[in-house]
Amino acid sequence: MAKIPQKRIHKYLRHNKKFPHVWCPGCSNGIVLGAIIRAIDELKIERDDIAMVSGIGCSSRMPVYVDFNTLHSLHGRAIPFATGIKFFKPHMKVIVVTGDGDSTAIGGNHFIHAARRNIDITVVIVNNNIYGMTGGQYSPCTPHDDVATTMPYGNIDNTFDICKLAIGAGASFVGRTTAYHAIEAQQMIKKAVSHNGFSVVEVVSACPVIYGRLNKKGGAPEMMTEMKENSITLKGIDKLPADKKEGKIIRGIFIDEKRPEFNDKYQQLVDHLKEKK
Amino acid sequence: MSKKESFRTEIRLSGSGGQGLMLAGHILADASVIDGYRVTLSKSYGPESRGGASRTDVIISDEEIYYPEATRFDCLLALMQEACDKYVYDVKTKGILIVDTTHVKNVSVMNTKVYELPFTNIAKEKLGSVLPTNILTLSFLVKITKAVSLESLEQAIRETVKPAFVDLNIKAMNLGYELADNYEK
Amino acid sequence: MTTKKTEKKSGKKNVKKRVLLQGNEAAALGALDAGVNFFAGYPITPSTEIAEIMATELPKRGGKFVQMEDEIASICTVIGGSLAGAKAMTATSGPGFSLMQEGIGFAKITETPCLIVNVQRGGPSTGLPTKPSQGDIMATRWGSHGDAPAIVLYPHTVKETYELAIRAVNLAEKYRTCVVLLLDEVIGHMSEAVTLPDVSKYRVVNRIKPNVPPEWYKHYDENQKYLSPVASYGEGYRFHVTGLVHDAYGFPTNNSNEAAIMMHRLKKKITFNIRDLVQIESFHMEEAEIAIFAAGIVARSAKQAVIKARKEGIKVGLIRPMTIWPFPDDAVRKMLKNVETVIVPELNQGQMIHEIERLAKDKDDGKIIKMQMVNGELITPTQILHKIKEVN
Ligand SMILES: Cc1ncc(C[n+]2csc(CCOP(=O)(O)OP(=O)(O)O)c2C)c(N)n1
Ligand code: SF4
Chain A
114 MAKIPQKRIH KYLRHNKKFP HVWCPGCSNG IVLGAIIRAI DELKIERDDI
164 AMVSGIGCSS RMPVYVDFNT LHSLHGRAIP FATGIKFFKP HMKVIVVTGD
214 GDSTAIGGNH FIHAARRNID ITVVIVNNNI YGMTGGQYSP CTPHDDVATT
264 MPYGNIDNTF DICKLAIGAG ASFVGRTTAY HAIEAQQMIK KAVSHNGFSV
314 VEVVSACPVI YGRLNKKGGA PEMMTEMKEN SITLKGIDKL PADKKEGKII
364 RGIFIDEKRP EFNDKYQQLV DHLKEKK
Chain B
93 MSKKESFRTE IRLSGSGGQG LMLAGHILAD ASVIDGYRVT LSKSYGPESR
143 GGASRTDVII SDEEIYYPEA TRFDCLLALM QEACDKYVYD VKTKGILIVD
193 TTHVKNVSVM NTKVYELPFT NIAKEKLGSV LPTNILTLSF LVKITKAVSL
243 ESLEQAIRET VKPAFVDLNI KAMNLGYELA DNYEK
Chain C
-4 MTTKKTEKKS GKKNVKKRVL LQGNEAAALG ALDAGVNFFA GYPITPSTEI
46 AEIMATELPK RGGKFVQMED EIASICTVIG GSLAGAKAMT ATSGPGFSLM
96 QEGIGFAKIT ETPCLIVNVQ RGGPSTGLPT KPSQGDIMAT RWGSHGDAPA
146 IVLYPHTVKE TYELAIRAVN LAEKYRTCVV LLLDEVIGHM SEAVTLPDVS
196 KYRVVNRIKP NVPPEWYKHY DENQKYLSPV ASYGEGYRFH VTGLVHDAYG
246 FPTNNSNEAA IMMHRLKKKI TFNIRDLVQI ESFHMEEAEI AIFAAGIVAR
296 SAKQAVIKAR KEGIKVGLIR PMTIWPFPDD AVRKMLKNVE TVIVPELNQG
346 QMIHEIERLA KDKDDGKIIK MQMVNGELIT PTQILHKIKE VN
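Residue numbers (my numbering), protein chains in the order written: chain A, 114 to 390; chain B, 93 to 277; chain C, -4 to 387.
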């Protein structure tokens, strides 16, 4: 694996009182947080100008550790809270970190409407296929037949494809990667944060302690290996025969379009009304 | 009606949603503000305002108005049979009832003073549209009851209706006054 | 704004502006005059006019208006805006107010100022959307889970709606909490001739920005007085906000000592400032033997009844809370001491009456008389007058 400079991260962490963090050994949350921090560092955005907003869940614990303007809000509601911040202070870079349950179950309505609005917020979704924080109940992203504490006989429910959902709802930047592909995640988050519009990065992640155990996936290394072997890039998938495509995690940027952004349009309205006066 | 030292005039405009009575109530209330009176304007809301019986209450007084709904009317305007039937018994003994005989066929009252004219039909004939019926009847009402001054009423109409409709509504206003002046004569 | 401004010479030299104003308009105007520059909401009868006015006015003033996908999103966006430095508000009615409860708790525990105008409708659920009711009195106090005090103001005229809207915004800023302006449907929808007060007469409370070095900044300073400096996002103080129980810096804690401090802090900022928060009107209470205790629209019926009864020589008066939460305990105790009978008319199945009974604990039965109406109609002055005569 490529060399990941640790020092760079340090300046972004809150050192007093916050560590050790709450995550289990082998959890992907730390990798995702690292990727976000490195992306911000490369973009050279001032810490004062960044708001990191989360909902409730294991993944949503990220903001407390980092030295930004941070908001650990309510389950499912990170996006509307973030909307309030971005709308009042459009110069800020607002990043939402959220789980698959947080963003697509309880927060699904806010997710699709923020995408429709195309408000300049970056949403990083840590998709670990389960409700980690509450101990392993199934989420809208738990694969069919997988076991969860509330699907003890295997999941009979259907799943969301988060990226398709985001695209369908109107997001102007949508990509998927995995926690194994940390550098790719970092680069994708960098692009998403730079993008002026609603951007979504789904990071397929490992929750070895809950999801892994329930589904006999082995430990963190095995789950990481699976991400590596079972995922394929957008380019790669085209070359695959149809019968081999089934069940693959497709990585890449599905959409990256310039579209009118909500705050820009609002400012145009304000300017227009001022002129009319 | 005469204004004594202290007075409280309760007026209910009733009909069905879409007859423009809310606007008429608003104009009447505005005119009372111009006249310097105290006034409350309350309306029935909801599905009623889209077809069913609707009502707009205007209370005009020179004293503080506490209870904002009309209970005993000095004047009731009824543009629909249903509204007339529902409210007619709450008109004061010496109160005034104005009905639009285009829609109100029976008036079952005894001692109230009743003014009956086919306002909607008159508006259609003389103004070429049923739309200004609200202003026509309101002006008739104001001329009869003297609830507000005529100058204030005109000012309120001019300030409230859309510019394109001012002329039509002023015509309706004058016609209303005329009908009132010629009534009984 | 549909309202016409009319100049009226009030006989004297000064020319006062008198306007015909709707209650909902007054709430919106008051909030704007108090400096509200951020509105996120979802339309619901009978509060919608407030959103409509804000949608028209805020962009003209460079403020922010957004219609969200629901009331949950609305309150959360309001809180987000407030944390970024906005004076933020929303307006709603029963069903929307129910959806906002989790957010209200979040605003309280994170001490984030915001205003909610709740124009009450009848019934539980969708109920009677266009009819008056006072069914949310307890909901505004106890609606959100957990345990936190509430500040709720309750006007009874259009003019007072304007004034209390300003006061509500000010109190939200001063006490760093979610304040509710509770309106009756009739007040929200009726119009009254109002002499528009001089805005400069009202003090507008604004947040003070901190000037300590960021490392020293505590978002919940133990030594904080009301109106101490508070930072907003994006201005150099990178503080943390969480709905978890937190320490003085805002970081989550499980320490029982710190938890107790935080909970106590939320409570004492209200209970130590009752005098600043509670406002009541005492109407013809001199030598009263009967008192009516009523708020909002019902107090208007009561006033008319009191005037009629007084003319007939009955010694009756009215106590009207303009702040219903915190409850005006002292005023009610005094009232209970001085009168023989208290009549409590309200448009619900008995809410404020429980508070009166709580304070009247060791008084004999039959002293507190209820009058309750839940059919979507108002309690009329005549009905109250009859009750007064009955108990006299
Ligand atoms: C309104 C509400 N309902 C339920 C919960 C309980 N709860 C906390 S986290 C969570 C699920 C989190 O799952 P996910 O968003 O996938 O994040 P993860 O923990 O897996 O990172 C639930 C149901 C809550 N906090 N609030
Ligand atoms: S439960 Fe799963 S998601 Fe949560 S911290 Fe542990 S490994 Fe990570």
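For each residue, glycine too, the CB sits at the ideal point set by N, CA and C.
Residue(s) in a DSSP beta bridge with residue i
| i | result |
| --- | --- |
| residue 312(C) | 286(C) |
| residue 340(C) | 366(C) |
| residue 167(B) | 103(B) and 188(B) |
| residue 344(A) | 362(A) |
| residue 235(C) | 183(A) |
| residue 241(C) | 247(C) |
| residue 235(A) | 208(A) and 312(A) |
Neighbour flag for residue i against chain B, beta carbons, 9 Å
| i | result |
| --- | --- |
| residue 128(C) | no |
| residue 155(C) | no |
| residue 13(C) | yes |
| residue 162(C) | no |
| residue 150(C) | no |
| residue 368(C) | no |
| residue 295(C) | yes |
| residue 94(C) | no |
| residue 381(C) | no |
| residue 184(C) | yes |
Proximity of residue i and residue j at Cβ, strictly below 9 Å
| i | j | result |
| --- | --- | --- |
| residue 305(B) | residue 186(C) | What is shown of chain B runs 93 to 277, which leaves residue 305(B) out entirely. |
| residue 327(A) | residue 239(A) | no |
| residue 222(C) | residue 169(C) | yes |
| residue 227(B) | residue 198(B) | no |
| residue 283(C) | residue 312(C) | yes |
| residue 206(B) | residue 190(B) | yes |
| residue 289(A) | residue 314(A) | yes |
| residue 318(C) | residue 386(C) | no |
| residue 187(A) | residue 195(A) | no |
| residue 172(C) | residue 103(C) | yes |
| residue 366(A) | residue 286(A) | yes |
| residue 371(C) | residue 144(C) | no |
| residue 241(A) | residue 320(A) | yes |
| residue 211(A) | residue 179(A) | no |
| residue 146(B) | residue 107(B) | yes |
Contact with chain A by residue i, beta-carbon distance below 9 Å
| i | result |
| --- | --- |
| residue 36(C) | no |
| residue 54(C) | yes |
| residue 246(C) | yes |
| residue 231(C) | yes |
| residue 215(C) | no |
| residue 140(C) | no |
| residue 239(C) | yes |
Rounded distance between the beta-carbons of residue j and residue i, thought under 8 Å
| i | j | result |
| --- | --- | --- |
| residue 35(C) | residue 69(C) | 5 Å |
| residue 198(A) | residue 209(A) | Their Cβ separation, rounded to whole angstroms, is 10 Å, which puts residue 198(A) and residue 209(A) out of contact at 8 Å. |
| residue 438(A) | residue 252(A) | What the structure shows of chain A is the stretch from 114 to 390, and residue 438(A) is not part of that stretch, so it cannot be assessed. |
| residue 160(C) | residue 174(C) | Not confirmed; about 10 Å, so no contact. |
| residue 365(C) | residue 348(C) | 5 Å |
| residue 249(A) | residue 323(A) | 4 Å |
| residue 165(B) | residue 236(B) | In fact, because the Cβ distance is near 14 Å, the residues do not count as touching under 8 Å. |
| residue 259(C) | residue 245(C) | The Cβ separation is near 17 Å, so there is no contact. |
Cβ of residue i within 9 Å of any chain C Cβ
| i | result |
| --- | --- |
| residue 130(B) | yes |
| residue 102(B) | no |
| residue 95(B) | Its pLDDT being 49, under 50, residue 95(B) is placed unreliably by the model, and nothing is read from it. |
| residue 245(B) | no |
| residue 258(B) | no |
- prompt: Are three or more beta carbon pairs between the region 77 to 90 of chain C and the region 30 to 38 of chain C nearer than 8 Å?
  reply: yes
- prompt: At a cut of 8 Å, does the region 47 to 59 of chain C reach the region 194 to 212 of chain C through at least three beta carbon pairs?
  reply: no
query: Okay, do the region 148 to 158 of chain C and the region 368 to 382 of chain A touch, 3+ Cβ pairs below 8 Å being the bar?
result: no
message: Across the region 212 to 230 of chain B and the region 168 to 175 of chain B, are there enough close Cβ pairs to call them in contact, namely three or more that are closer than 8 Å?
response: yes
task: Could you say if the region 114 to 130 of chain B and the region 243 to 260 of chain B meet the contact criterion of at least three C-beta pairs nearer than 8 Å?
output: yes
- prompt: Pairing CB atoms from the region 161 to 176 of chain A with CB atoms from the region 265 to 283 of chain A, are three or more of them under 8 Å?
  reply: no
- request: Give the residues from the region 333 to 360 of chain A that approach chain D closer than 7 Å (Cβ to any Cβ), ordered along the chain.
  value: Judged by its chain identifiers, the structure shown contains no chain D, and its protein chains are A, B and C.
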